[in-house]
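Each number in my numbering corresponds to the 1-based position in the sequence shown with 89 added.
Right, one structure below, let's go through it.
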Amino acid sequence: MFGLIGHLTSLQHAQAVARDLGYPEYADQGLDFWCSAPPQIVDTIKVTSLTGETIEGRYVESCFLPEMLATRRIKAAIRKVLNAMAHAQKNGIDITALGGFSSIIFEEFHLYEKSQVRNIKLEFERFTTGNTHTAYILCAQVEQGAKKLGIDLSKSTVAVCGATGDIGSAVCRWLNTRTDVAEILLTARNQERLQALQDQLGRGKIMGLEEALPQADIIVWVASMSKGIDIDASVLKKPCLLIDGGYPKNLATKLQHPDIYVLNGGIVEHSLDIDWKIMQIVEMKDPGRQLFACFAESMLLEFEKWYTNFSWGRNQITVDKMEKIGQVSIKHGFRPLVNVYPQLPKTKHFG
Ligand code: NDP
């Protein structure tokens, strides 16, 4: 059995979901309530592969909210992740993806040192960050999205915002070795880590966001931001493809220009309907088929019976592992989102 540990994008979102699900007493509660709420299994999932095999999984809502980090309620955030992991393990889930901020909190606050959760000793090999599949899908979106828009990668500049992160660094490694992209711009805050990445790649320009954005034909957003930021469309190249891989989404949807294309990054579409309810809650456009690539990674590990923490630690994702997970992703019927949504006349949204 596979599992997915997820969370909602904001307090407001959590209150709206509680209202929709018929829990008005939760809908009026503030952050303190969510800080003390325990994890819960809220959905049972069935997925059928293109091979015909069907697997079953569980969705564990951790009750974490990004505002816990923004308001420095670190202990609460840590408790949410550890309790959700213990809950998954206690319920016999073999392989569970740590979605959204769960894996970031796990790494940032060294939760590998905290394996004892009450009477449960966490077995870390039963968890995966899902970041290898996410990085693979983002790179596929760069390549396929560019092709759709007629952007020639060999003449293009790609800016990676959050380049030194687990996903961002993997995207840079793939772009560097598996594509003929002309230039890679590396953006993050910590200069030492940027320098180390540049040394590892043997190329790439380190740049602040303000300098990088106007130069980029394609922008990949994988910064771990607890809320979205506004970008001034007038400074961007036209056309420009923005691939927003953050959760919550890093980019505000206000960005409006006919030659700016925003693509939902790190999202896959399955070839067959998935039997679940949860993606309606996280506002996917086609909730029967679309999901986060990190969640799909735990499904892939279950299909292949690779009961191992396939993605673990920080900045260890190799292009070989990306290729390996990419092959089974295709085999079982997942594909990156690169669809155009023409109903939005000003900002053209893919995916
Ligand atoms: P990491 O914590 O490993 O990396 C985050 C990166 O963002 C670092 O380079 C960091 O560098 C940079 N960063 C953080 N804050 C800022 C800021 N304010 N301005 C500029 N750069 C910043 O995160 P991951 O690689 O694990 O995840 C990245 C994003 O992808 C997250 O939003 C996560 O929720 C999302 N995600 C999506 C998935 C999906 O399935 N679609 C799956 C997993 C994650 P520095 O601190 O030096 O600035």
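Note that beta-carbon positions come from the ideal geometry of N, C-alpha and C, so glycine has one too.
Just curious, the beta strand (DSSP E) that residue i is in, first and last residue?
i: P425; result: F423 to P425
i: E150; result: T143 to E150
i: L331; result: C329 to D333
i: F195; result: Careful: F195 lies outside any beta strand (DSSP E), inside the alpha helix (DSSP H) at S191 to E197.
i: L275; result: E272 to T276
i: T266; result: Counting along the chain, T266 falls outside any beta strand (DSSP E), though it belongs to the alpha helix (DSSP H) covering D255 to R267.
i: L97; result: That residue, L97, is in no beta strand (DSSP E); it is neither H nor E in DSSP.
i: I115; result: One point to set straight first is that residue 115 is Tyr, not Ile, in the sequence displayed. No beta strand (DSSP E) holds Y115; the alpha helix (DSSP H) holding it covers P113 to A116.
i: K135; result: Q129 to T137
i: Y336; result: Looking at the DSSP string, Y336 is not in any beta strand (DSSP E), and its letter there is neither H nor E.
i: N208; result: That residue, N208, is in no beta strand (DSSP E); it is neither H nor E in DSSP.
i: I184; result: I184 to L187
i: I320; result: Unbroken run through I320: none, as it is neither H nor E.
i: N428; result: Element bounds for N428: n/a, residue is neither H nor E.
Compute the distance between the beta-carbons of residue i and residue j, then report whether it is under 8 Å.
i: T276; j: A259; result: no
i: E85; j: L100; result: As displayed, the chain neither begins before 90 nor continues past 440, which places residue 85 out of reach and without an answer.
i: A173; j: I295; result: no
i: V249; j: V309; result: yes
i: F213; j: N398; result: yes
i: V408; j: R292; result: no
i: L154; j: L227; result: no
i: I256; j: V170; result: no
i: K316; j: P347; result: no
i: Q230; j: V371; result: no
i: A235; j: L340; result: no
i: S245; j: D306; result: yes
i: S418; j: Y148; result: no
i: Y459; j: A107; result: Since the first and last residues shown for the chain are 90 and 440, residue 459 lies out of range.
i: A166; j: V206; result: no
i: L344; j: A322; result: yes
Of the residues the options, which one's Cα is nearest the Cα of residue i?
i: E281; options: W395, M373 and G254; result: G254
i: L290; options: F423, N404 and H421; result: N404
i: T160; options: A186, G119 and L426; result: G119
i: F450; options: F384, V231, E202 and S204; result: The first residue shown for the chain is 90 and the last is 440, placing residue 450 beyond what the model contains.
i: L274; options: T268, L330 and L283; result: L283
i: M411; options: A235, D183, E386 and A126; result: E386
i: G335; options: H102, A322 and S313; result: S313
i: D121; options: R162, F91 and V270; result: R162
i: I349; options: G188, I320, D288 and D375; result: I320
i: G415; options: H222, T266 and Q104; result: H222
i: G92; options: I184, A175 and N279; result: I184
i: K164; options: F198, E272 and R207; result: F198
i: E145; options: I419, M90 and D117; result: M90
i: E142; options: R108, A271, D375 and M388; result: M388
i: C124; options: Q104, D109, V106 and C152; result: C152
i: W401; options: G188, D375 and L286; result: G188
i: R267; options: E232, R278 and R168; result: E232
i: D288; options: V270, P127 and N265; result: N265
i: A271; options: L286, Y112, R278 and V247; result: V247
i: A186; options: Y396, K374 and L286; result: Y396
i: P127; options: L110, Y112 and R168; result: R168
Where does the unbroken alpha helix (DSSP H) through residue i begin, and where does it stop?
i: E300; result: L298 to A301
i: E358; result: Note, E358: premise wrong, no alpha helix (DSSP H); beta strand (DSSP E) at I356 to H359.
i: Y225; result: N220 to L238
i: F392; result: A382 to E393
i: N172; result: I163 to K179
i: W401; result: It is not in any alpha helix (DSSP H) - W401 carries neither H nor E in the DSSP assignment.
i: Q284; result: Q280 to L290
i: I367; result: I367 to I370
i: G415; result: V408 to K420
i: L158; result: E156 to A159
i: D121; result: L120 to S125
Using 7 Å as the cut-off, classify the Cβ of residue i as near or not near the heavy atoms of ligand 2, replying yes or no.
i: S418; result: Only ligand 1 can be found as ligands here, which leaves ligand 2 out of the picture.
ask   = Is there contact here, the segment 124-143 with the segment 365-376, by at least three beta-carbon pairs under 8 Å?
value = The answer is yes - the segment 365-376 touches the segment 124-143, with three or more Cβ pairs under 8 Å.
message = Assess contact between the segment 321-336 and the segment 292-307, defined as three or more Cβ pairs (one per stretch) separated by less than 8 Å. Is contact present?
response = By the Cβ test, the segment 321-336 is in contact with the segment 292-307, since at least three Cβ pairs between them sit closer than 8 Å.
ask   = Touching or not, the segment 184-193 and the segment 218-226, by the rule of three or more beta carbon pairs under 8 Å?
value = Because the criterion of three Cβ pairs below 8 Å is met, the segment 184-193 and the segment 218-226 touch.
query = Do the segment 367-387 and the segment 348-359 touch if we need at least three Cβ pairs shorter than 8 Å?
reply = Segments in contact, yes.
Touching by the beta-carbon criterion (3+ pairs, under 8 Å), the segment 170-189 and the segment 235-242 = Remark: fewer than three beta-carbon pairs, one from each stretch, lie closer than 8 Å, so the segment 170-189 and the segment 235-242 are not flagged as touching.
query = For the 8 Å Cβ check, are there 3 or more pairs between the segment 382-395 and the segment 138-146?
reply = They touch, by the three-pair rule.
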